[in-house]
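Respectively, the protein sequence lines represent chains Z and P.
As numbered in my numbering, residues 135 to 246 make up the first sequence, in order.
As numbered in my numbering, residues 173 to 289 make up the second sequence, in order.
Glycine included, each C-beta is placed from N, C-alpha and C at the ideal position.
This report concerns only the one structure given below.
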Amino acid sequence: GQNIDQPTEMTATEGAIVQINCTYQTSGFNGLFWYQQHAGEAPTFLSYNVLDGLEEKGRFSSFLSRSKGYSYLLLKELQMKDSASYLCAVRDHGGSWGKLQFGAGTQVVVTP
Amino acid sequence: GAVVSQHPSWVICKSGTSVKIECRSLDFQATTMFWYRQFPKQSLMLMATSNEGSKATYEQGVEKDKFLINHASLTLSTLTVTSAHPEDSSFYICSARWASGSTDTQYFGPGTRLTVL
């Protein structure tokens, strides 16, 4: 099985930077994903890391260290619309058809 | 990114009736689609993995006779909630696996909110 841990909630002010950490313990690994989910909506794909290092996409960056079982999502220049739940998900390999196991999500609250 | 649609976006039905939800990958072929359920303030729960042309693989605790999944083509998977009851009221979300070159990720549909009276 897989354990995926991320903080429950984080609060930051508009324009600031927030880093959401995710640690995982898996029997196999074939990629780590970050999704954004606004209340009442489906998740939206943000990033995908399969190799160690930093992936940058505009205001969002994601980092992966496979040896440490660790990832983070960095949100820069926070905007009010960034208030949402951020889901960390790990994909197993082998015969699991690429299914993802999700963490419980981190609720980010952006204040003025 | 890839686009996945779901229909209907919301449905209200009477207890004991069946409801079918469609999931389509609009601009790519998806050999694998996934069905999730999400209750308020909870995380996504994977219900089953749907592969084109074969039987779905259900997660532990999910009744396959109650949640019928059909993956008839590379762009369409359907979930039928049979004999729905109020406890089946939830947000049902599908996702489709898109693999191209070095990219292999999942894109979600917009979800279907089911309310069973």
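In this structure, Leu207/Z sits away from Ile138/Z, with a CB-CB distance that is not shorter than 7 Å. If only complete runs of 4 or more residues are kept, the segment 195-242 of chain Z shows no alpha helix (DSSP H) anywhere. Of all C-beta pairs linking the segment 214-234 of chain Z to the segment 252-265 of chain P, fewer than three are shorter than 8 Å, placing the two stretches out of contact. Between Gly165/Z and Ser201/Z, the alpha-carbon positions lie close to 13 Å from each other. For the set Tyr220/Z, Gly203/Z and Ala173/Z, the Cα lying nearest the Cα of Leu185/Z is the one of Gly203/Z. Against chain Z, the beta carbon of Ile265/P has neighbours under 8 Å at Ala176 and Pro177, listed in chain order. Each of Gly233/P, Pro212/P and Ser274/P was checked against the Cα of Phe263/P, and the nearest Cα belongs to Pro212/P. C-alpha of Ser187/P to C-alpha of Glu235/P: approximately 17 Å in a straight line. Looking at the backbone, the Cα of Ser226/P and that of Phe239/P are separated by about 16 Å.
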